[in-house]
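Inspection log for the structure reproduced underneath, given as structure tokens.
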Amino acid sequence: MSTPSTPTRPGKKKRFVVLRHVLPNDTHFDLMIEAGERLATWRCPNEPETAGGDGMHCRKIGEHRQIYLDYEGPVSGHRGNVYRHDRGSCSIEVQNDDAWELTFHGRRLKGRYALTRLDPDRQSWSLREV
Numbered sequence: 000m001s002t003p004s005t006p007t008r009p010g011k012k013k014r015f016v017v018l019r020h021v022l023p024n025d026t027h028f029d030l031m032i033e034a035g036e037r038l039a040t041w042r043c044p045n046e047p048e049t050a051g052g053d054g055m056h057c058r059k060i061g062e063h064r065q066i067y068l069d070y071e072g073p074v075s076g077h078r079g080n081v082y083r084h085d086r087g088s089c090s091i092e093v094q095n096d097d098a099w100e101l102t103f104h105g106r107r108l109k110g111r112y113a114l115t116r117l118d119p120d121r122q123s124w125s126l127r128e129v
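When we follow numbering that gives the first Met the number 0, the leftmost residue of the sequence shown carries the number 0, and every step to the right adds one.
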């Protein structure tokens, strides 16, 4: 399910969380940002704060329930465990189908970042520090 392309008022504060998702054969990080009543979610191979200016390939995955802003523990259906890596607020400057520009105010994830869609399937994105 894609995030609605309804423009967000520039600078509006939203909550975010980064969860370390541990599976038997994989560990990745889920970046989750409030988007209405759900959380827009990107699966990142490494900690999002390490994206730097060159960027990091991320995969947009299905929206999640807001319970994940505070939840740590097992994921239903034997889909591993999640642990909070970071949390905080972010200011969304741009939000549309192809790009999000945000300023994060977390413990680890801080500063301006851009999420940019890379392909028409809407799932391949780049996260980079700007």
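For every residue, glycine included, the Cβ atom is placed at its ideal position computed from N, Cα and C. Computed from a predicted structure; not experimentally measured.
Only buried fits His-20, as 16 or more other CB atoms lie within 10 angstroms of its CB. Between the region 29 to 42 and the region 58 to 66 there are three or more C-beta pairs closer than 8 Å, enough to call the two in contact. Using a Cβ distance threshold of 7 Å, Ser-88 and Arg-14 count as a contacting pair. No alpha helix (DSSP H) of 4 residues or more sits fully in the region 47 to 89.
In terms of Cα proximity to Pro-119, the closest of Tyr-67, Asp-97, Gly-51 is Asp-97. Here DSSP, grouped into helix, strand and coil, assigns Gln-94 to strand. Comparing alpha carbon positions, the residue from Thr-102, Gln-122, Arg-106, Val-16 closest to Ala-113 is Thr-102. Contact annotation, Arg-107 with Glu-46: C-beta distance approximately 7 Å; criterion of less than 8 Å satisfied.
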